[in-house]
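Heads up, the thing below is written out as structure tokens.
Number of protein chains: 2
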Amino acid sequence: MTHVFDEAITVTARPDGVFSATTHPAYDNMVGPFGGITAATVVHALQQHPDVLGQPLALTINYAAPVATGTWDLHTRIVRTNRTNQHWTFTIEQDGHTVSTGSAVFGIHRDTWADTEATRPPAPEPADVAAQDFPDFVAWARNYDKRFVVGGIDDKSDDSTSTLWLRDLPQRPLDYPALASMTDAFFPRVFLRHGTFMPAGTISLTTYFHATPDDLAAQGSRHVLATARGARFGNGHFDQHGQIWGTDTLLATTTQLVYFKNPQG
Amino acid sequence: MTHVFDEAITVTARPDGVFSATTHPAYDNMVGPFGGITAATVVHALQQHPDVLGQPLALTINYAAPVATGTWDLHTRIVRTNRTNQHWTFTIEQDGHTVSTGSAVFGIHRDTWADTEATRPPAPEPADVAAQDFPDFVAWARNYDKRFVVGGIDDKSDDSTSTLWLRDLPQRPLDYPALASMTDAFFPRVFLRHGTFMPAGTISLTTYFHATPDDLAAQGSRHVLATARGARFGNGHFDQHGQIWGTDTLLATTTQLVYFKNPQG
Chain C
368 MTHVFDEAIT VTARPDGVFS ATTHPAYDNM VGPFGGITAA TVVHALQQHP
418 DVLGQPLALT INYAAPVATG TWDLHTRIVR TNRTNQHWTF TIEQDGHTVS
468 TGSAVFGIHR DTWADTEATR PPAPEPADVA AQDFPDFVAW ARNYDKRFVV
518 GGIDDKSDDS TSTLWLRDLP QRPLDYPALA SMTDAFFPRV FLRHGTFMPA
568 GTISLTTYFH ATPDDLAAQG SRHVLATARG ARFGNGHFDQ HGQIWGTDTL
618 LATTTQLVYF KNPQG
Chain A
368 MTHVFDEAIT VTARPDGVFS ATTHPAYDNM VGPFGGITAA TVVHALQQHP
418 DVLGQPLALT INYAAPVATG TWDLHTRIVR TNRTNQHWTF TIEQDGHTVS
468 TGSAVFGIHR DTWADTEATR PPAPEPADVA AQDFPDFVAW ARNYDKRFVV
518 GGIDDKSDDS TSTLWLRDLP QRPLDYPALA SMTDAFFPRV FLRHGTFMPA
568 GTISLTTYFH ATPDDLAAQG SRHVLATARG ARFGNGHFDQ HGQIWGTDTL
618 LATTTQLVYF KNPQG
């Protein structure tokens, strides 16, 4: 049986090289699809390209307009292939309009000196943390098992940090598209600061994939520990900085710029 | 007298809408120009565009190949103008080849709830910290007054954090191009970890501009406090996460993916 995530990120390469994708109702957000599933679909498509070099290293995706329900076209371009990395640009087109733009870097993992300086936030084991549901109108969140260690969806805090155990529901071995999606799976930090929903949406997302294929294989389908926090809020925007951890491996770092409107009342 | 930074970021809009720029020897790096001056020139050009909306909010620039000494063409596209923000893509072309790609978001600063959660690193006053020179072959660094509080260019440390007072030399009032440039003014974190130079270069840089025009005016030409650290190093790459602070204002956050080769010996 095909996992719903794999259904959602399915792409078809047309003879002209354009990838065709279709929104999946299981990953709907409040307006348009969940940005994480769009990012995941792009990563999945680039991985299918016959001329791809290596694995995803970096992805920036700009959400210029909501993706409408239905099919969308992904136009990709290999800008340059160097010895160890490859630069891509892409756009997502619907009905003659560009709704997203972005860039990606793929590359070869070479054997070099290595160290991780970031430290994983403390957290009890996933089994010792309660799973939490998002409100029903956030369809995509039903495809994730979410166990908040701090900063849950019903909380209000002066610290915008959320740290949660996260995994696909049903379980699914971690791969690059799934990791891309997870880097957008934090709810907007302003909700946590105000203890309420308000209009908010990601404008631009950048993710660096530190995980090697071996790291992903070691992770399997276990929970990742995801953490994110805002640095400055104001003037209609805030930033979010996050990390996705395996057991003791930093799998990805991510940052995004988010639009928000003041809460009413 | 024109400041050397303004000379370096000068662009000319041709009738076809393409901006023409020229590398400036004062901002040369080891191979090609300093990436910060290229980013600054892009920001400066977009600000000149007759259809620009508001101020820079986000910039991603991908350094696909070194810019060669001489002129380069900046092709820009307004992808979409929303009510409060505007999405751009751009490429830098030389001799029929794309050497850089990127995207930018500009937008309106609206009056909303505001808070800064990040905290400025402690630092003595700039006058109480010694200015430090980079090696002579790093030409661009001579245009910055650099006063390292921790993690200077001659140091070796298990913590890749550099925190420094930074300002243009000679002094120049801070604006968005200057801020963009400063977000790339950290030397590669692997140098600090190994206490030595090695081949390294930025692959992709993303900067979020939190500063409003009022914040920039309040900053004037005083030093900013710049801080950056790597999270994970390995497999030929590392990430860097940084902040640029005014007196108590977070002016910008920045992240970049960097290529490196093992140090010899």
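Line by line, the protein sequences are chains C and A.
368 is the number of the first residue of the first sequence in this note's numbering; add one for each residue after it.
368 is the number of the first residue of the second sequence in this note's numbering; add one for each residue after it.
Don't be surprised by glycine CBs; every beta carbon is placed ideally from N, CA and C.
| Asked | Found |
| --- | --- |
| Pull up the distance between the alpha-carbon of S524/A and that of T621/A, whole angstroms please. | 22 Å |
| Is the shortest distance between the beta-carbon of S470/A and the beta-carbons of chain C less than 7 Å? | yes |
| What did DSSP end up calling P392/C once you bin it into helix, strand or coil? | helix |
| So is L413/C in contact with chain A if we call contact Cβ pairs under 7 Å? | no |
| Can you pull the DSSP bridge partners for Q610/C? | T594/C, T620/C |
| Using CA coordinates, which residue listed in P493/C, N449/C, F473/C, D383/C is at the minimum distance from H442/C? | D383/C |
| Exposed or buried, P555/C, counting other C-beta atoms within 10 Å across all chains shown (16 or more means buried)? | buried |
| Please check if any C-beta of chain C sits within less than 7 Å of the C-beta of D482/A. | yes |
| To which residues of the same chain is Y626/A closer than 7 Å at the C-beta, ignoring the five residues directly before and after it? | A567, G568, I570, G603, H604 |
| So, at 8 Å on beta carbons, what are the nonlocal neighbours of N396/C in its own chain, with the 5 sequence-adjacent residues on each side left out? | G402, V505, A506, W507 |
| In whole angstroms, give me the CA-to-CA distance for A435/C and D581/C. | 36 Å |
| I think R487/C touches T451/C, with their Cβ atoms under 8 Å apart; what is that distance to the nearest whole Å? | At roughly 28 Å, the Cβ-Cβ gap does not stay under 8 Å, so R487/C and T451/C are not in contact. |
| Helix, strand or coil, according to DSSP, for W439/C in the structure here? | strand |
| Hey, out of T563/C, D606/C, H608/C, L533/C, whose CA is closest to L592/C's CA? | L533/C |
| Using a C-beta to C-beta distance shorter than 7 Å, which residues of chain A count as neighbours of H604/C? | L424 |
| Count the other CB atoms within 10 Å of the CB of T379/A; is the residue buried (16 or more) or exposed (fewer)? | exposed |
| From this set, Y430/A, A595/A, T614/A, which residue's C-alpha is nearest G518/A's C-alpha? | A595/A |
| Between the C-alpha atoms of P544/C and E484/C, what's the straight-line distance to the nearest angstrom? | 25 Å |
| In whole angstroms, what is the alpha-carbon distance linking Q586/C and S467/A? | 34 Å |
| Please decide whether N510/A counts as near chain C, where near means a Cβ-Cβ distance under 7 Å. | no |
| Below 6 Å, is the gap between the Cβ of G613/A and the nearest heavy atom of the ligand COA? | As presented, the structure is devoid of all ligands, the ligand COA included, so that no description of it is given. |
| Answer with buried or exposed for G437/C, where buried requires no fewer than 16 other C-beta atoms within 10 angstroms of its C-beta. | exposed |
| For A375/A, which residues in the same chain have their Cβ closer than 6 Å to its Cβ, ignoring the five residues on either side in sequence? | H391, Y394, I404 |
| Does DSSP put T408/A in a helix, in a strand, or in coil? | helix |
| Which residue marks the beginning of the alpha helix (DSSP H) containing Q586/A, and which one marks its end? | 580-586 |
| With a threshold of 7 Å between beta carbons, is L559/A in contact with chain C? | no |
| In the structure shown, what three-state DSSP assignment does S467/A receive? | strand |
| Taking the alpha helix (DSSP H) that P544/A falls in, what are its first and last residues? | 543-549 |
| Going straight from the alpha carbon of T408/C to that of F558/C, what length do you get? | 27 Å |
| What are the partner residues of E460/C, as DSSP defines its beta bridges? | D440/C, T465/C |
| Answer with yes or no whether the minimum CB distance from T486/C to chain A is below 7 Å. | no |
| At a Cβ threshold of 7 Å, is Y543/C touching chain A? | no |
| Compute the beta-carbon to beta-carbon distance between V639/A and A547/A, rounded to the nearest angstrom, for a pair I have assumed lies under 8 Å. | Residue 639/A cannot be examined here, being either before or after the span of chain A that is shown, 368 to 632. |
| CA-CA distance, A388/A and L531/C? | 47 Å |
| Should F433/A and G399/A be called a contact, given that it needs their Cβ atoms to be closer than 7 Å? | Reading the sequence as shown, one finds Pro at residue 433/A and not Phe. Yes; because the gap between Cβ atoms is below 7 Å, this pair is in contact. |
| Rounded to whole angstroms, what's the CA-CA distance from I475/C to T563/C? Just pull it up for me. | 43 Å |
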